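Visitor: Heads up: the sequence shown runs through residues 347 to 472, numbered per my numbering. For each residue, glycine too, the CB sits at the ideal point set by N, CA and C. Since the structure is predicted, the reported quantities are computational estimates derived from the model, not experimental observations.
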Amino acid sequence: MPVVEFFSIFASLIKLPSGSKKIVPSGCRGMIGQVAGGGRTEKPMLKAGNAYHKFRVKRNCWPKVRGVAMNPVEHPHGGGNHQHIGHASTVRRDAPPGQKVGLIAARRTGRLRGQAAASAAKADKV
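Shown next, in the form of structure tokens:
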């Protein structure tokens, strides 16, 4: 809960819950409290029925079926006796719609190595 430590006509010093202090103009307004339903998304769904009812009112994006699990008439990655793409997953930028699945106009593929891997790991930690 923010606490006003110093108040004048021009500026106020506010101590925040983190312990940091901020100077703000005295004419500023603010809301006190927590947002209602803040941790709603942290609860696990536990069963497919809950996900079904969640997405039924939103849009038709559930369930997400993988392309390799489909038949060849339904997706470019479909078909075959084992679930594998069967060809390169990269596709050119000017490919027609329907062929544009996978890694579209990929600059590079594969595992990050060297400096790129170190910077990616550092970005994940932050």
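Does residue 435 come out as helix, strand or coil in the three-state DSSP assignment?
Guide: coil
Visitor: With 16 other CB atoms within 10 Å as the buried threshold, where does residue 430 fall?
Guide: exposed
Visitor: Using 8 Å for Cβ pairs, my map puts residue 417 next to residue 426. What's the rounded Cβ distance?
Guide: Approximately 10 Å separates the beta-carbon atoms of residue 417 and residue 426; this is outside 8 Å, ruling out the contact.
Visitor: For the beta strand (DSSP E) holding residue 467, just list the boundary residues, first then last.
Guide: Looking at the DSSP string, residue 467 is not in any beta strand (DSSP E); the run it does join, the alpha helix (DSSP H), is 461 to 471.
Visitor: For residue 458, I'd like the list of residues in its chain whose CB is within less than 8 Å of its CB, leaving aside the five on either flank, ordered along the chain.
Guide: 466
Visitor: Below 7 Å CB to CB, which residues in the same chain sit around residue 407 once its five sequence neighbours on both sides are set aside?
Guide: 401
Visitor: Just reading off the beta strand (DSSP E) that residue 352 is part of, what are its end residues?
Guide: 349 to 353
Visitor: What's the call for residue 399, buried or exposed, on a 16-neighbour Cβ count within 10 Å?
Guide: exposed
Visitor: Could you give the DSSP three-state label for residue 411: helix, strand or coil?
Guide: coil
Visitor: Residue 352 to residue 360, Cα distance in whole Å?
Guide: 7 Å
Visitor: Go ahead and label residue 422 buried or exposed: buried means 16 or more other beta carbons lie within 10 angstroms of its beta carbon, across all protein chains shown.
Guide: buried
Visitor: When the Cα atoms are used, what is the spatial distance from residue 380 to residue 374?
Guide: Answer to the nearest angstrom: the Cα atoms are 19 Å apart.
Visitor: From which residue to which residue does the alpha helix (DSSP H) around residue 397 run?
Guide: 394 to 402
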